[in-house]
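Heads up, the thing below is written out as structure tokens.
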Amino acid sequence: MHKTDFGLIGLGVMGKSISLNIADNGFDISVYNRTEAGEAHITKNFINENKSFKNIQDFTELSAFVSSIKRPRKILIMIKAGAAIDSVIEQIIPLLDNDDIIIDGGNSHYKDTVKRTNYLATKGLNFVGCGISGGEEGARKGPSIMLGGTTEVYKHIAPILEKIAAKDSNNKPCCTHIGTDGAGHFIKMVHNGIEYAEMQLLAELYALLCKSLTNEEIATLFSKWNSGSESSYLLEITIAILRKKENGSYVLDHVLDQAKSKGTGSWSSQAALELGIPNTMILSSVFARYISSFKDDRTQLSKSIKPKIASEKLDVTSLKSAYRFARLINHQQGFKLIHEASVNYNWKLNLSEITRIWTNGCIIRSQLMETCISIFKSNTDIFEDKTILNSLISEEKNTITMLQYGLSQRVALDSFSSAYNYWVSMTTENLPANLIQAQRDYFGAHTYQRKGMDKSQSFHTNWKKL
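Just so we're aligned, residue 56 is where the sequence shown starts under this note's numbering, counting upward by one.
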């Protein structure tokens with residue numbers, strides 16, 4: 056058999072879709088899947104289901120799989136993040152040659168990617184942490200691809216991955232070299248964090264609107280929004296979800312209200328805490344999912360509360376304005392975290408390029424993301440853009456109206472509240488942190504700084520002495 060251009064390990068949902076995408080674009084590909092733990096027929100079934108593809112070679116024996124690929128070998132691992140990645144790496148190391156390239160396409164933690172990069176370098180091998188967004192459909196038709204590693208390695212894999220990636224409005228691939236070592240996986244992690252908050256905002260809107268509107272009426276309202284500046288993939292799928300019926304009733308009304316998470320949202324929050332960046336919206340959306348998991352407790356406690364009946368009409372105009380307001384804050388916080396990581400890890404990240412590859416293929420693609428391309432060409436902070444800043448100022452009043460309505464109806468608006476509180480704090484000259492510093496100095500002699508004096512000077516007061 057002739058040598059193939061690319062190798063892929065792991066024929067799960069994403070692995071299968073990417074394999075077919077690569078083959079569709081004219082590349083010869085080798086695929087491998089383990090045969091134990093009930094997976095013996097996965098590879099054979101995959102080939103039988105896709106007999107029209109003559110450029111896919113399938114393997115269930117690892118050494119034969121590795122030998123089938125042209126050097127320097129380019130092997131994409133598409134399996135669950137964690138110990139399984141390390142296990143596969145250890146299995147293939149003895150089969151590889153110097154300068155071969157291992158690509159981790161899962162949602163691995165960026166710090167694990169840094170460790171694996173350094174470890175494999177000692178073996179003469181290249182490691183790439185690759186963020187891939189778009190779900191099953193994106194993987195098949197064109198995902199957004201975020202690659203870490205060196206520029207030299209990127210040049211080897213770019214011809215294939217850029218070909219299979221989604222295309223932006225200028226027909227450029229939504230695939231780019233993000234930065235060294237863990238940069239690609241860090242950016243995918245924050246992408247997912249922003250996604251958490253975007254999903255939570257829509258869920259909170261739904262919670263408000265379903266008090267007085269039917270699912271179809273909410274979908275109609277969202278459809279109007281989706282034809283303008285607030286259009287997004289997540290809004291689009293939310294409309295479809297709201298309208299989906301089975302046996303004459305809405306499917307959504309039968310879905311249990313317990314949201315799960317896979318970790319990237321909490322990882323983004325942890326990274327924000329480590330880097331000292333207030334990323335309140337992602338954190339609030341993670342906690343909202345955690346709260347939803349306590350279904351039995353919530354059901355029991357709800358029996359003690361008298362249901363609220365809407366006595367006032369919801370202002371839909373203010374709702375749309377508040378939605379735009381909160382989304383701007385979400386993107387501000389997400390990109391602030393990315394910028395801080397760039398400085399801290401010396402990744403030299405290009406924010407405008409990151410937003411560009413997030414305009415198609417990925418889950419958080421939107422009209423707002425298109426706008427962010429130009430914002431980040433000259434700024435590193437969304438608040439630096441005068442148009443955006445003026446928009447936030449004008450939309451604050453409508454956000455307050457929306458929050459007040461939510462409070463009156465006992466609707467939890469975790470992420471909308473986080474967005475508003477962040478905005479108020481960031482636009483307030485004097486915060487009560489002076490009292491916090493005084494408290495810390497009182498019980499722990501931690502010292503404090505004084506207004507109008509050199510910040511290098513520290514002071515301590517004997518607060519007990521009158």
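Positions of the beta carbon are idealized from the N, C-alpha and C atoms, including for glycine.
Asked	Found
Would you mind giving the Cβ-Cβ distance between G70 and I418, rounded to the nearest angstrom? I have them listed as a contact below 8 Å.	Actually they are not in contact, since the Cβ atoms of G70 and I418 sit about 18 Å apart, beyond 8 Å.
In this structure, how does DSSP classify P214 when only helix, strand and coil are distinguished?	helix
On the criterion of 16 or more Cβ atoms from any shown chain inside 10 Å, does G283 qualify as buried, or is it exposed?	exposed
Does DSSP classify V183 as helix, strand or coil?	strand
State the start and end residues of the unbroken beta strand (DSSP E) segment that holds H240.	Note, H240: premise wrong, no beta strand (DSSP E); alpha helix (DSSP H) at 238-264.
Can you tell me whether L369 is helix, strand or coil according to DSSP?	coil
Identify, in the order they occur along the chain, each residue of the same chain with its Cβ nearer than 7 Å to the Cβ of S85, setting aside the five sequence neighbours on each side.	T59, G62, Q112, F114, F120, S123, I124
Among the candidates R126, D152, T168, P127, whose CA atom is the shortest distance from the CA of D41?	No statement about residue 41 is possible, as the shown extent of the chain runs from 56 to 521 and does not include it.
Helix, strand or coil: which one does DSSP assign to V310?	coil
Return the first residue and the last residue of the beta strand (DSSP E) that Q112 is part of.	111-114
Taking the straight line between their C-alpha atoms, what separation do you get for S421 and T414?	6 Å
Measuring straight from C-alpha to C-alpha, what distance separates L216 and K129?	11 Å
Determine the contact status of I393 and V183, defining contact as a CB-CB distance below 8 Å.	no
What are the complete alpha helix (DSSP H) segments, minimum 4 residues, inside the segment 79-143?	97-104, 117-122
If you drop the 5 nearest sequence neighbours on each side, which residues of the same chain put their C-beta closer than 7 Å to that of L447?	F380, L383, W478
Can you name the residues that DSSP bridges to F514?	Y503
Taking the C-alpha atoms as reference points, what is the distance between Q118 and L150?	A quick correction: the sequence has Ser, not Gln, at residue 118. When rounded, the distance between both Cα atoms is 6 Å.
Taking 8 Å as the threshold (C-beta atoms), are G193 and G389 in contact?	no
Identify the continuous alpha helix (DSSP H) that holds S323 and give its terminal residues.	319-330
Considering only the alpha carbon of each residue, which of T435, K519, D236 lies closest to K170?	D236
Can you tell me the Cβ-Cβ gap for R195 and L369, rounded? I've got them flagged as a contact below 8 Å.	Actually they do not touch by this definition, with Cβ atoms about 40 Å apart.
If you draw a straight line from the C-alpha of H501 to the C-alpha of P487, how long is it?	17 Å
Under the rule that 16 or more other beta-carbon atoms within 10 Å means buried, what is A295, buried or exposed?	exposed
What is the DSSP secondary structure of M201, counted as helix, strand or coil?	strand
Cutting at 8 Å between CB atoms, please list the residues of its own chain near Q289, excluding the five before and the five after it.	Before going on, a small fix: residue 289 reads as Leu here, not Gln. E250, E253, M254, L257, I418, I419, S421.
Considering only residues of the same chain and omitting the five flanking positions on each side of Q387, which have a CB-CB separation below 6 Å?	I437
Measuring only the C-alpha atoms, how far is D440 from D159?	36 Å
Taking the straight line between their C-alpha atoms, what separation do you get for D155 and I64?	15 Å
Anyone know if the C-beta pair for A220 and G197 falls short of 8 Å?	yes
If you draw a straight line from the C-alpha of F108 to the C-alpha of D79, how long is it?	8 Å
Are there 16 or more other CB atoms within 10 angstroms of the CB of W322, so buried, or fewer, so exposed?	buried
Applying the 10 Å Cβ sphere with the 16-neighbour rule, what's the burial state of M133?	buried
Tell me the DSSP secondary structure of K361 in three-state form.	coil
What whole-angstrom Cβ distance do E94 and N88 have, given they're in contact under 8 Å?	6 Å
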